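Following: one structure in structure tokens, then a few remarks.
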Amino acid sequence: MDKKSMLEKASLFHGHTCGGLLLGVSAAHYAMELLGTERSSQDEEIVCVAENDSCSVDAIQSILGCSAGKGNLIFRMRGKQAFSFFNRQTGKSFRLNLKDRNFSTLEEKRDFMLNAPGDEIFEVKEVPFDLPPKANIYRSQKCSLCGELTAEPWLRVKNGKEICIDCFQMDDPVVS
């Protein structure tokens with residue numbers, strides 16, 4: 005799929021076209037090239053660790069099939085236009101970091117992002133951390149105080165009762 009088709013797909017998902025979305029399209033397009041794949045992630049085989057929560061992430065979700073719900077889109081907030089990609093099947097990994105460029109107009113920037121090859125847009129670096137583990141599926145149980153179902157790792161024990169984090173953080177929760 006070419007970048008223009010990817011941008012159309014991402015725009016439908018995101019709701020509009022903007023510079024951040026175009027950045028994400030460029031990252032997804034280059035990642036697919038470097039990963040040697042032409043299809044999106046069906047399960048968790050492709051993992052993206054995004055260092056920002058900008059519009060660019062929506063493009064990566066819609067094109068590469070990485071999502072927080074599947075556990076293959078992870079946020080590692082650093083405020084950087086950088087994305088690390090992993091292919092669990094091949095072991096390949098890399099980090100794309102946006103190169104610093106100056107443009108006279110937004111139109112010039114848009115044309116560059118749509119037409120330039122990935123290596124002119126991004127630096128390719130080694131990933132500075134390990135591949136995140138696969139997504140966990142946890143059992144849920146009721147909070148002893150509010151009664152809401154809560155995944156087990158997020159329960160806390162107070163006075164011998166398991167309660168959710170919100171109830172645990174209350175000034176004076178009544179746990180009997």
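According to the working numbering, the sequence shown is numbered sequentially starting from 5. Cβ coordinates follow ideal geometry from the N, Cα and C atoms, glycine included. All values derive from a computational prediction rather than experimental measurement.
Beta carbon of residue i nearer than 7 Å to that of residue j
i, j, result
"Gly-28", "Ser-60", "yes"
"Val-53", "Phe-98", "no"
"Ser-66", "Phe-17", "yes"
"Arg-92", "Glu-49", "yes"
"Ser-144", "Ile-167", "no"
Candidates the options: closest to residue i by CA position
i, options, result
"Ile-64", "Gly-40, Phe-89, Lys-138, Arg-82", "Phe-89"
"Leu-39", "Ser-66, Ile-78, Thr-94, Ala-54", "Thr-94"
"Gly-151", "Asn-140, Lys-165, Ala-139, Tyr-142", "Lys-165"
"Gly-130", "Asn-101, Ala-120, Asn-119, Glu-156", "For the sequence presented, residue 130 should be read as Glu rather than Gly. For the residues Asn-101, Ala-120, Asn-119, Glu-156, the minimum Cα distance to Glu-130 belongs to Asn-101."
"Arg-82", "Asn-56, Glu-37, Gly-73, Gly-69", "Asn-56"
"Glu-42", "Asp-176, Leu-68, Ile-167", "Leu-68"
"Gly-24", "Asn-140, Asp-62, Val-51, Glu-37", "Asp-62"
"Gly-73", "Lys-84, Lys-96, Gln-46", "Gln-46"
"Leu-26", "Glu-37, Ser-44, Ala-120", "Ala-120"
"Asp-134", "Val-51, Asp-175, Val-161, Leu-153", "Val-51"
Nonlocal neighbours in the same chain, by C-beta distance under 6 Å from residue i, ignoring five residues either side
i, result
"Ser-30", "Met-117, Ile-125"
"Pro-136", "Ile-78"
"Ser-15", "Thr-21"
"Phe-107", "Lys-113"
Neighbour-count burial assignment, residue i, 16 or more Cβ in a 10 Å radius
i, result
"Ala-86", "buried"
"Tyr-142", "exposed"
Contacts around residue i, its chain only, beta-carbon distance under 7 Å, and the 5 residues preceding and following it disregarded
i, result
"Glu-13", "Reading off the sequence, residue 13 comes out as Lys, not Glu. So the qualifying residues of the chain are Ser-66, Ile-67."
Cβ-based neighbour list, residue i, same chain, cut-off 8 Å, excluding 5 preceding and 5 following
i, result
"Gln-173", "none"
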